[in-house]
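Novice:
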Amino acid sequence: MRTGKRLTALLSGALLLGASALPLAAQAQEGKMGGTLRLLAKAASGTIDPHINYTLQYFQINYILYDGLVTFRKVGDKTGFDVVADLAEALPEPQDGGRKYVFKLRDGIKFADGSDVTTEDVVASFQRIFKISGPTAGTFYNGIIGADKCLAEPAGCTLEGGVVADAAAGTVTFNLTQPDGEFLQKIAIPHAAILPAETELKDYGTDPIPGTGAYMIESYDPNKRLKMVRNPYFKEWSKEAQPAGYPDEIDYDFGLTEEAAVTAIQNGQADWMFDPPPPDRLAELGTTYASQVSLHPLTAMWYAPMNTNLAPFDDVRVRQAVNLAIDRNAVVKLFGGSNLAQPACQILPPGFPSYEPYCPYTADPGAKWTAPDLAKAKALIAESGTAGQEVTIISEDNVVSRAIGVYLQDVLNELGFKASVKPISQNIQFTYIQNTNNKVQISISQWFQDYPSPSNFLQVLFSCASFTPGSDASVNISGFCDESVDAMMAEAQAASISDPAKAAKIWTAVDKAVTDAAPAAVLFTPKRVDFISKRVQNFTFSPQFYWIISQSWIE
Amino acid sequence: MTSDAQPLKQTSSQRRRATEGPWATAWRKLRRDRAALFAFAVLIAIVLACASAPLYADYVSHTNPFVTNLNGEIEIDGQIRQVLEPSTEGLGLGMTPIGPTWRFGPYALGADNQGRDVAARLLYGGRNSLLIAGVAATLCLVLATFVGVVAGFFGGVVDMVLSRILDVLWAFPIFLLAISLSIVLIAQSIRIGPIEIRSGSLWLPIFIIGIVFVPYVARPIRGQVLTLMQAEFVTAAVGLGATPLRILLRDVLPNVVTRIIVFVPLMLALNMIIESALSFLSIGVQPPDASWGTIIQDGQGLLYSRPLVALAPGIAIVVTVLALNILGDGVRDALDPKSSFRVA
């Protein structure tokens, strides 16, 4: 998934060992209940319907508002990537060779409106994902039996034979068309949140839907505030799945610029900002306010997808030349320097499952990027005979993306193209660059993991199934479709249950194959900068959720 | 002898004044307006400075202001410094562009976040800002004069139709129009006769500004033409059997020209502000080209660490617009002292 405002992806966290190492390490002391936590964001992030919203900003809060059958462990270390039981009593063992999962619901859990959570709610929730055409219905949940019919005809979706409830036994059985080693991870994200069965089949927009989390939404005005208060029916059933929160109230205010948000936190008028601090404040934050800054590597990438179906990038030599010509150190400078990002040139980020260092696009090919190889890049361009063609780069209109776009323009001009850069609003850029009708040649984008699996980068971004011409939701922005690579991905998926080690090796090979085909130029792996107020204690950074908001208390 | 000669000289001067035309009178008045002359001198200096941008880049700053210089270095006081300096204190976060050297040389006003020389970009940016403002003002004045004169001269249905069109234009939100066109143009160009407007084309802000401000100029011109049509000399011309074309060209237009000239500096000033705003919104000049608006946008992310990046073009806009307004007032006083109209 992508970060940012609309449609981006989520969660990330990388956890690269020693990830934080900063003064905000969790404090093992008794927390203080009460008070109001004040969060800031430049803008709201659209609908609060958990089955629809696909943004990092609201994924982060949906984890304290809603629960699925399973979730990721809410801790501040690398075990935060582990899936644990949530509304289910325990993690089920895969049956039928990984095609069947049986969940036993916990007793006594209630929604925020006081109604009990039942197996009927579980079935209805999964039907709703398809009936409202949720953004991941066709990618994450298409392996459930009956999903194909639901995708073809959402209104009549029953998932018959796919999701089967046994009210008497309190169980829900999931039957899959084929083994899926990532199934538990896929249903651990908020898109698989369990909602009351009577939840209407519409986008709830600004109207809250009752959940089971520690908090509930009291009011939501996208132009002003999202107010969360304690869920009166919540009783902690699993500390690692849904721990009780410390603050009584969490106010998420919208509208302040990043500059103003930094100042508000410095003055103690707010506690945290979602948006990254602006570049010109970083030095100040890193010195005067170092004790209030938390820095964590993410399992994410900034990259430049190249349209493999449009000239000049339909020629693999051109794509490789761009990769060779880019000075990743220079791009890292545009992001804020080497303490905020690391150069990268392969798809999988460091520390990720199946990651093995690999960089063919450097002056000294090997495991690590060292320097650009402009001579080799120019030779490839000469060989391709594409010099002189016009190329337009589509970037976002924020400072960093625009700066990278301008740098890339210089690189392309140096290679002999007539390059121009067009920054457009970040509200529309991500959907714009996905739609083939817009004939985007090359763009600047980011990708953050949804869950810690190589498929979440390789399959989601570069498989034939992820490419939907003419759609705003074709996240395979490059339009890359290679049958042999797809076959390797399918093989890895098939082996994920029976032989995880083999699957991991295949994913490593896929990573190299996609990197060699160069449908994108990976630029760098970013880090997350969190700036919090002095009164916030027990800042806990999960590689999956980022800051676990409910687990901080206020002095 | 002396007393005899004096009356002769005075008579000659008085005769010259009595026989000088309205243009000479206006020029004489303008020359006495020191504020206007000073503003004019400032404008000339700005235009010359901007025109010399390539020379400055080649021989003074020794940099290409359109190419990123992220790994560049510069020697200052015998010390080699990076153009983009990493923070070395505390957590070591962020990169800070080199600040102003305040020397007639490289990075006199410092660097922007791409490591480019701000002073050189300021001069190049001025060229684009002035060019867009000038061409848009010309386009606007030509169209407005045509519409205003035709509407006022023919009256009736023609006047009504043209006036309603002007109403629509006047009501149109300029930035909404600009943003809409900008989005459309990302994927495709627009062709107007022989002119093809593509994404990033300078014609885009020129057309937007030039057309949207037509009502601001056309309405006063129409009003003046309506007044002129009631004047005795026009009535006399009609009585003598002059053709409408002759009346238009010989009696109406010459009396409208002074007002049009008064509009020139005022429209230039207004256009410069609008161009800067459009460029700031990524609609006008496209990177890596510069205008004062785009440089302000570049400096927006450096307000705390390098405020001069945004301040320098801001000051340039203020000085230029102020000079244009003062000059416009002077021209108005010289050509049309009874008028009290203002633009916008």
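The listed protein sequences derive, respectively, from chains A and E.
At position 143 of the first sequence (counting the first as 1) the number is 139 in the working numbering, and the numbers step up by one without a gap.
At position 227 of the second sequence (counting the first as 1) the number is 255 in the working numbering, and the numbers step up by one without a gap.
Where a beta carbon is used, it is the ideal one built from N, C-alpha and C, also for glycine.
Give the list of continuous alpha helix (DSSP H) stretches no shorter than 4 residues that lie fully inside the stretch 393 to 430 of chain A.
Specialist: The qualifying runs are 395 to 410 and 422 to 430.
Novice: If asparagine 171/A sits next to lysine 96/A, beta carbons under 8 Å apart, how far is it from one beta carbon to the other, in whole angstroms?
Specialist: Rounded, the Cβ-Cβ distance is 6 Å, consistent with contact.
Novice: Under 7 Å Cβ-Cβ, which residues of chain E neighbour alanine 279/A?
Specialist: Going along chain E in sequence order, the residues near alanine 279/A (Cβ under 7 Å) are Ser115, Leu121, Gly122, Thr124 and Ser333.
Novice: By the criterion of Cβ-Cβ separation under 7 Å, what are the contact partners of proline 274/A in chain E?
Specialist: Simply Gly329.
Novice: Taking contact to mean 3 or more Cβ pairs, one atom from each stretch, closer than 8 Å, check whether the stretch 324 to 340 of chain A and the stretch 380 to 392 of chain A are in contact.
Specialist: Contact between the stretch 324 to 340 of chain A and the stretch 380 to 392 of chain A is absent, because fewer than three Cβ pairs lie under 8 Å.
Novice: What is the DSSP secondary structure of methionine 29/A, reduced to helix, strand or coil?
Specialist: It is coil, neither helix nor strand.
Novice: Cβ of methionine 305/A less than 8 Å from any chain E Cβ?
Specialist: For the record, residue 305/A in the displayed sequence is asparagine; it is not methionine. Asparagine 305/A does not count as touching chain E.
Novice: Spell out whether any CB of chain E is found under 8 Å from the CB atom of asparagine 335/A.
Specialist: Chain E contact via Cβ: present.
Novice: Applying a beta-carbon distance threshold of less than 8 Å, which residues of chain E neighbour glycine 282/A?
Specialist: Under the 8 Å cutoff, chain E gives Ser115, Glu117, Gly118, Leu119, Gly120, Leu121 and Gly122.
Novice: Give every residue of the same chain whose Cβ lies closer than 6 Å to the Cβ of leucine 159/E, excluding the five residues on either side of it in the sequence, and list them in chain order.
Specialist: Taken in chain order, the list of residues that qualify is empty.
Novice: So, under 8 Å CB-CB, glutamine 181/A and serine 459/A are touching, yes? Tell me the CB distance rounded to an integer number of Å.
Specialist: Not really, about 17 Å apart at Cβ, beyond 8 Å.
Novice: Ordered along the chain, which non-local residues of its own chain (more than five positions away) have a Cβ less than 6 Å from that of arginine 250/E?
Specialist: Contacts found: Gly176, Ala179 and Gly180.
Novice: Just to confirm the assignment: which complete beta strand (DSSP E) runs, minimum length 3, are found wholly within the stretch 156 to 242 of chain E?
Specialist: The qualifying runs are 218 to 220 and 223 to 225.
Novice: Pick helix, strand or coil for aspartate 357/E, following the three-state DSSP scheme.
Specialist: Three-state result, aspartate 357/E: helix.
Novice: So isoleucine 429/A packs on isoleucine 390/A, CB below 8 Å; how close in whole Å?
Specialist: That belief holds up - the Cβ atoms of isoleucine 429/A and isoleucine 390/A are roughly 5 Å apart, short of 8 Å.
Novice: Between glycine 362/A and the rest of its own chain, which residues show a CB-CB distance below 7 Å, the 5 nearest in sequence each way excluded?
Specialist: Only Cys355 meet the Cβ criterion.
Novice: Any chance the stretch 81 to 91 of chain E sits against the stretch 124 to 140 of chain E, with 3 or more Cβ pairs inside 8 Å?
Specialist: Touching, yes.
Novice: Check whether the stretch 235 to 251 of chain E touches the stretch 322 to 336 of chain E, taking contact to mean three or more Cβ pairs, one atom from each stretch, closer than 8 Å.
Specialist: Touching, no, given that fewer than three Cβ pairs across the two stretches are closer than 8 Å.
Novice: How about valine 396/A and leucine 330/A: do their beta carbons lie closer than 8 Å?
Specialist: Cβ atoms of valine 396/A and leucine 330/A: closer than 8 Å.
Novice: State the Cα-Cα distance for the pair phenylalanine 77/A and serine 111/A, rounded to the nearest angstrom.
Specialist: About 31 Å.
Novice: May I have the straight-line CA-CA distance separating alanine 161/E from leucine 454/A, to the nearest angstrom?
Specialist: Each residue's alpha carbon lies about 49 Å from the other.
Novice: Kindly indicate the opening and closing residues of the beta strand (DSSP E) around isoleucine 322/A.
Specialist: First-last for isoleucine 322/A: undefined, no H or E at that position.
Novice: Give the single residue among Ser474/A, Gln533/A, Ala497/A and Asp176/A whose Cα lies nearest to the Cα of aspartate 310/A.
Specialist: Of Ser474/A, Gln533/A, Ala497/A and Asp176/A, the residue nearest in Cα terms is Ser474/A.
Novice: Against alanine 326/A, what residues of chain E qualify as contacts under a CB-to-CB distance less than 8 Å, listed in chain order?
Specialist: Near alanine 326/A (Cβ distances below 8 Å), the residues of chain E are Thr96, Leu98 and Asn99.
Novice: Would you decide whether serine 467/A is buried or exposed? Buried here means 16 or more other CB atoms lie within 10 Å of its CB.
Specialist: Serine 467/A comes out exposed.
Novice: Using only the alpha-carbon positions, how far apart do tryptophan 320/E and serine 451/A sit?
Specialist: In a straight line, the C-alpha of tryptophan 320/E is about 46 Å away from that of serine 451/A.
Novice: Would you decide whether lysine 1/A is buried or exposed? Buried here means 16 or more other CB atoms lie within 10 Å of its CB.
Specialist: At lysine 1/A, the pLDDT of 39 sits below 50, so the modelled position is not reliable; the number obtained from the coordinates is stated separately. Buried, by the Cβ-count rule.
Novice: So what does tryptophan 503/A bridge to, in DSSP terms?
Specialist: Note: tryptophan 503/A sits in no beta bridge, so no partner.
Novice: With 16 other CB atoms within 10 Å as the buried threshold, where does glutamine 91/A fall?
Specialist: The residue in question, glutamine 91/A, is exposed, as its Cβ has fewer than 16 Cβ neighbours within 10 Å.
Novice: Going along the chain, which unbroken runs of the beta strand (DSSP E) with 3 or more residues stay wholly within the stretch 64 to 89 of chain A?
Specialist: 66 to 68 and 79 to 81, all fully within the stretch 64 to 89 of chain A.
Novice: Mind checking if leucine 1/E is an interface residue toward chain A, Cβ cutoff 8 Å exclusive?
Specialist: A question about residue 1/E goes unanswered here, because the residues of chain E that appear run from 29 up to 372.
Novice: So that I know if they touch, is there some Cβ in chain A lying closer than 8 Å to that of serine 307/E?
Specialist: So no, serine 307/E is outside the interface.
Novice: Rounded to whole angstroms, what is the Cα-Cα separation between valine 481/A and alanine 514/A?
Specialist: Rounded to whole angstroms, valine 481/A to alanine 514/A spans 13 Å at the Cα level.
Novice: Let's test the definition: count the other Cβ atoms within 10 Å of the Cβ of proline 19/A and tell me whether it reaches 16, buried, or not, exposed.
Specialist: Per-residue confidence for proline 19/A stands at a pLDDT of 41, beneath the threshold of 50, marking its modelled position as unreliable; no derived number is given.
Novice: CB alanine 516/A to CB alanine 286/A, shorter than 8 Å?
Specialist: Cβ atoms of alanine 516/A and alanine 286/A: not closer than 8 Å.
Novice: Residues in its own chain within less than 8 Å of serine 439/A by CB, not counting five upstream and five downstream?
Specialist: The residues are Ala300, Pro301, Ile389, Ile390, Ser391, Gln425, Ile429 and Ile473.
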